[in-house]
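Residue numbers (the numbering used here), protein chains in the order written: chain Y, 1063 to 1581; chain V, 380 to 680; chain B, 2 to 315; chain P, 57 to 380. For each residue, glycine too, the CB sits at the ideal point set by N, CA and C. Being a predicted model, the structure only gives us computed values, none of them experimental.
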Amino acid sequence: MKHLTPRNLMLAAVSAGALMTAPFASALAQEAKMGGTVIYANNSGPGQLDPQMAASLVELEVIQHVFEALVAMDAGYAAKPMLAESWEVSEDGKTFTFKLRQGVKFSDGQEMTSADVLATFERYAEVSPGKATLADVKEYRTPDDYTFIIELNNLNAVFIDQLKTPVYPFSILPASQRDKPAREIDVIGTGPFKLGEWVKDSHLIIEKNEAYVPREDAEGPDGYVGKKTVNVDAVRYNFVPEGNSRVAAMQTGEADITTALSKDLLARLEGVEGVTPITVFPYCQNYVILHSSNAPTDKREIRQAIRKVAGIEDLIIASGESARKDHSMSYPGTDYHTGEENAKWYDENDIDGAMALLKEAGYNGEEIVVQSNTNYSWMRDTMLVLAEQMKAAGMTVKVDITDWTTNASNLQSGGGGWNVSTTGFCSNALLGPQQWQTMIYNFPHIEGNTVLDDAYTKFYASMDLADRQAAWQTIEAEVLEGAYMIKVSDRGSNRAIADDLKGFREFNMNIFWDVWLDR
Amino acid sequence: MTDQTAIQSPSTMTTTAPPPMPSRSRVLIRKLWRHRSFRLGAGIVLVIVVLALLAPFITDGSPNKMSLRDRFTPPSAEHPFGTDNFGRDIFTRVLYGARISLWIGFASAMLAAAGGAIVGMASAWFRRLDGIIMRIMDALLAFPAILLAIGINAALGPQVTSVIIALASAYVPRMARIVRAAALVIRELDYVDAARVSGAGATRIIFRHILPNCMAPLLVSVTFVFAYAILAEAALSFLGIGPPPPHPSWGNIIAEGRDYSVEAWWIMLFPGLAISLAALGTNLLGDGLRDVLDPRLKMEQ
Amino acid sequence: MTKLIAFRIAQAIPVMFVVAVLTFLLMHLLPGDPATIIAGDAADQESIAQIRRDLGLDQPVPVQLWLWITNLAQGDFGRSLMLNQPVAEAVMQRLPVTLSLAFVAFVITIPVGIALGVIAAVWRDTWVDSAVMILALVGVSVPNFWIAILSVILFSVTLGWLPSAGYVPLHDSFSGWLASLLQPAVVLALFQIGYLARMTRSAMLEVLDQDYIRTARAKGVTPMRTILKHAFRNSLMQVVTVSGYILSLLIGGSVVIEQIFAMPGIGRLLVQAIMARDYPVVQGTMLLLGFAFVFINIVIDIVYAWVDPRVRYD
Amino acid sequence: MLDVQNLSVDFRVDSGWIRSVSDVSFALPANSTLGIVGESGSGKSVTALSILRLHAARTTRMSGKIMFDGNDLLAMPERRLRDLRGRDIAMIFQDPMHSLNPVLTIGDQIGETLRIHQGLSATEARNRAVELLDMVRIPDAKSRVTEFPHRLSGGMRQRVMIAMAIACRPRLLIADEPTTALDVTVQAQILELLRELRQEIGMSVILISHDLGLVAEFSERVIVMYAGELVEDAPARTVFDTPQHPYSEGLLRAIPSPDEDVSRLYAIPGRIPDPGNRPPGCNFAPRCALAEPACHAAPPPLEAFAPGHFIRCPVRMKTTEPAE
């Protein structure tokens, strides 16, 4: 382990597949040293720490350390109880009974009870952008301090999976926060860390929460669940927007861990003494989005023509990200990953076919607007290359580079006159079809597609996994075949870790419990 | 040497007309040519302009042509400045970038001069407006040009034209001040009075008498604004609010190359040198113009 | 003098008001909706609309402008959309960073720039003059962010002498503060040093041509004393006049430098806020910066009066 | 005491060197007065500045000798010359507005000479400065000593200049057009002051002016300069009463007299030739009513017209007999 070169390590990480074993597991054999502060050079800082409003990775990375939910993802991204001791689902799949753990303390010393859980859910239904999950709730019941019951109006086969979401997480807040406006809560949670000093745009510190009550029934940490032990005194997130500077900080030892590096920046750290570059999969999936309500991409054939010209290898190289090729909208090895039957719409590289489709669609040089932004260079670079590929097939392309806010607003609203854009989806692919639903409809601006509508209805109503898988295959096929979205790649997360940061486990976010500093 | 008695000296009271002089512009050109830094600066700028104009003939004419198999090629005979992360030829991009950067520099300097001339003239001519206009100019002057440019450019959206408008607006106050000062002096001179007495209209006086006489200081500041604008464009691009990619402006090439600054140093080295050289040439040229045209302007820039 | 200051402030207020309104309108011209960014990718249109309502962004722009101005009149700069904190607090948190950076750069610029300019003037038309002036010219011609990146590669990555990024507050550690500022401040100062050296040289040359310098020489004053006592004091007035401009250039230049060195200053705040359409922050920052620049200029006026006896008495 | 021998001064211009003063010689005994007269551009100020070598060294070339107490000032190292400046030889300038440093108090500027040459402390220098201001008849000297120059009138400033010049009781005072920039009444006062101080201190004075009348009245001896050359050198009375060089005559006729109509004031026709473009013969020939063909051909020599009276005019040498 000690002399493992970075390249070997990457191979190790790759072969590990979807279920991440800890490549540093052997380090656990050593006795953990206590104390010290981990310096984490992150690319930006959170704007707020209200879990119910949190969608950005930088916010969530802090929130997952400070808060915990009833149910959360384990290392294999499956739902496991965290603050719940256990749960039961009724026969009809409409009633969910959570037994809460006793003696769990908030960082202010108060014990967590069902009243806190109830307040959390009630507030969530009011303020969170993710409140659609709770739209079908008939009622909440709290028969005693340690029981919480949710009753739905209709069968929802994946309700528990929806509750484990790491985006807008259902983190339990103290009841005192019930009526706090969105984004204005006091940051008090049951997590193993508590919030320390926070200077916006500069740094944020989380400190060991001495009042933390770990889950003793587990052997050790397991994704966001399990038994969490804090060895370090604190973790300091330094916000360093320049990739160059983050790499420099690792080289000089100013930081113990960093993230959000491009492939080329990561390569710079290869062979640097005391630093190990890693690429973590699964992380996100990159897609080209096609606007299906805006001419000329409202024509299915034209969208398909764009899909046919998309040369995935070049798009991946241009993005400068570490990425793997895969056709599916779920990750290999997970329940919803589709087989070869859905692979035929991926990486076609078929200029002749594209030209034939264009002819069929009566395409006559209408301008196709390719929009991207300057803030995310991988998006910009992917689009620049795609634009060249489209031109090669005789399409008239206008490249429109804006900033991310404009780009994102346009993606959401469908305005701004774009036809083709790109973005990455990080949690959706991980969590399954229910998390995909909003995106699939929203970004390509799909209206009146009965294939999708019917398949989704079937999906929610199927208690049996095989039926749900079948429904999902239909959904995915429609999205890819109809070229509402073009799958580009499974993108890894490039990070670097100091060799004396021990016990680190690869996960889609960086987790700091159970790590320790060997100094 | 400064024997300043000429005016009081009785013997010069009936000074005869000075001997005929060679035309003013010819004298100026000769003086400029004799000015070492002007020669050097003009030479540098000329070379850059010629290279920019000839870009389609020197290169294969496609600054955006990608060749992902050839990415990060170090400088070689085939790619004198190497290639970038798309395998685009940096030499071609820098040459085409010269067109954009020089155009932005030139257009914003001209626009700033025109705007400054209008505001400065208005201020000098309509004395009632003078106070208000100059107060506003002073306030704008207090803002660093780059901040103003960021604000204006952000509002106009990422386009070459917005960069030009933003930079021009940022430098209008400086120009206006210079023009106003020159115009105020000239306004009080006898021949302007004479023109006024002979019934010449305000426009005529402004265009025939005042404007030509403001040209010297204006021309000098135009060169300096040109240099600033090239630097400012690069800074705006670096912040991600310059001319949008894939425009190969020098600032953009650097901004796109900064992630590879260690491994592929050539991506950001050559456009950086190009910017420095262009700004250096323009500054040298401006120094020469200033020394020859308007020695009293020293302090302004 | 007090009257002058009061007058200058009174003059500045209406202008600042115009700046504020213009900034507001310019910002709201921009496409892009901050609520989308706040809500995140996974949000649906309904949640975005709710956020927009919560933030008052659903009101017509004139109403928003009116609200903003009435709040402003009560000293309330509003609340940042992205940072979820009052604008005044956001600005005040970052101000020390930018001021520290500008201050250290200023402290480097003034003596170095003046010394170079004086040296060039004294050894006018010799190789010393040429060398100094070429350096100064390079200083005003090289883009500072480019130098910054090269400098980080050399001094931080290769040599490991200086931290590559970050800011250490003064109250944490003085040496840390200085170390974190040294590299960015020097890079930031380069342009201004070149500018000041060029200006000081011409000012000195102009002064050295003055009759009173001849008077001093006729008295038997040594060249050194002539320069330091007689010439320098006079050219200093020119320097004071531009030092306000230099300071404002430094604050402007810090926008770019803060970005590279990851310093949580005003410049970065402003750029981020523009990118994220954080309207209150952009407006508030521009306004506060405007006041800061007015203040700087007033201070310069006072210093000028202190240096130049002719102003002091009149 | 002062003996200027064959002084020539060249200045560097774009196209090379041009001669500003050529081959000027004159002598000045101790405790005497000399006037130098000429139009603007005649080289009189250049000559004066050459004595203290105040020209910019870079762009000036001087030849000849300037002997002061037996030492050649032109050959002297700068350091030694500096000791002489302000202590043995002092100078006052034409334009009191610009000759005083605007940012230093007048006490400071007067005291500086004393501190440099006599090593006085700041307080001593200040006290001496007050005495000196008294000496130059500045009222309320005690409070004036802390004033800045811009608070004083032109005449007052010139008095300050004089106070500064006489601070170390120099043996030679060079006054370069000391009254040109002043009102007529003030002019007289300043000259009167100079005369009194000369007697009090016992120094020699070189008075430079374009006004022959003024110079003749003040000086014992007068030299007239034209286009960088000495054209007449004679006792003051002689130059004033019977000038021989046509140029001196012209200067004399240009002096306004109180009862004459100013509009009929005489002016010498033409202009003084450019230093770079001087005629091949007599410099004055193009403007001279007496000029003969020979005058245009070769530069005339300076010749003794009478004992103690030298002129550079072959025509007058031929045609006129010395008086007496």
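What whole-angstrom Cβ distance do residue i and residue j have, given they're in contact under 8 Å?
i        : j        : result
A1296(Y) : I1268(Y) : 6 Å
T216(B)  : L156(P)  : 7 Å
M123(P)  : D59(P)   : 4 Å
Only counting the same chain, and skipping five residues up and downstream in sequence, which positions put a Cβ closer than 7 Å to that of residue i?
i       : result
S152(B) : Q184, V188
I585(V) : M500, W504
I257(P) : I222, R225
Which same chain residues, not among the five before or five after residue i, have their C-beta less than 6 Å away from its C-beta?
i        : result
A185(P)  : G163, I166, G167, V201
K1226(Y) : V1133, A1134, M1135, A1141
N235(B)  : V208
G306(P)  : I324
What is the DSSP secondary structure of residue i, counted as helix, strand or coil?
i        : result
M84(P)   : According to the sequence as given, residue 84(P) is Leu; it is not Met. If DSSP states are grouped into helix, strand and coil, L84(P) belongs with the strands.
V371(P)  : helix
I194(P)  : coil
C1346(Y) : strand
S255(B)  : helix
F296(B)  : helix
A1296(Y) : strand
M57(P)   : coil
K1370(Y) : helix
L1214(Y) : strand
A1146(Y) : strand
Do we get a CB-CB distance below 9 Å when we pair residue i with the residues of chain Y?
i       : result
I6(B)   : no
I515(V) : no
D468(V) : no
F78(B)  : no
D450(V) : Checking the displayed sequence, the identity of residue 450(V) turns out to be Arg instead of Asp. Closer than 9 Å: yes.
State yes or no: is the beta carbon of residue i nearer than 9 Å to at least one beta carbon in chain B?
i        : result
I172(P)  : yes
M400(V)  : In this predicted model, M400(V) has a pLDDT of only 49, less than 50, meaning its place in the structure is not dependable; the value taken from the coordinates is given anyway. Cβ-Cβ to chain B under 9 Å: no for M400(V).
G651(V)  : yes
V641(V)  : yes
Q1110(Y) : yes
D666(V)  : yes
So with CB distances below 8 Å, who are the chain C contacts of residue i?
i        : result
V1447(Y) : Although the question refers to chain C, the structure presented lacks it and instead comprises the protein chains Y, V, B and P.
Cβ of residue i less than 9 Å from any chain V Cβ?
i        : result
L1327(Y) : yes
L147(B)  : According to the sequence shown, residue 147(B) is Trp rather than Leu. Output row for W147(B): interface = yes.
D1263(Y) : no
N1348(Y) : no
Could one say the Cβ of residue i lies closer than 9 Å to chain P's Cβ atoms, at least one of them?
i       : result
V308(B) : yes
G221(B) : yes
Q193(B) : no
Can you determine whether any heavy atom of the ligand ADP sits closer than 8 Å to the C-beta of residue i, and answer yes or no?
i       : result
A634(V) : With respect to the ligand ADP, the structure shown offers nothing to examine, as it has no ligands at all.
For this session: Examine the Cβ distances between the region 488-507 of chain V and the region 555-566 of chain V and report whether three or more of them are shorter than 8 Å.
Result: yes
* To do: Spell out a yes or no on whether the region 1233-1244 of chain Y and the region 1498-1509 of chain Y are touching, meaning 3 or more CB-CB pairs, one atom from each, closer than 8 Å.
  => no
If contact is defined by three or more beta carbon pairs under 8 Å, each pair taking one atom from either stretch, is the region 1406-1414 of chain Y in contact with the region 1439-1447 of chain Y? no
*Looking at C-beta atoms only, is the number of pairs between the region 454-468 of chain V and the region 403-413 of chain V that lie closer than 8 Å three or more?*
no
* Asked: Are there three or more Cβ pairs, one per stretch, closer than 8 Å when the region 78-89 of chain B is compared with the region 1104-1122 of chain Y?
  -> yes
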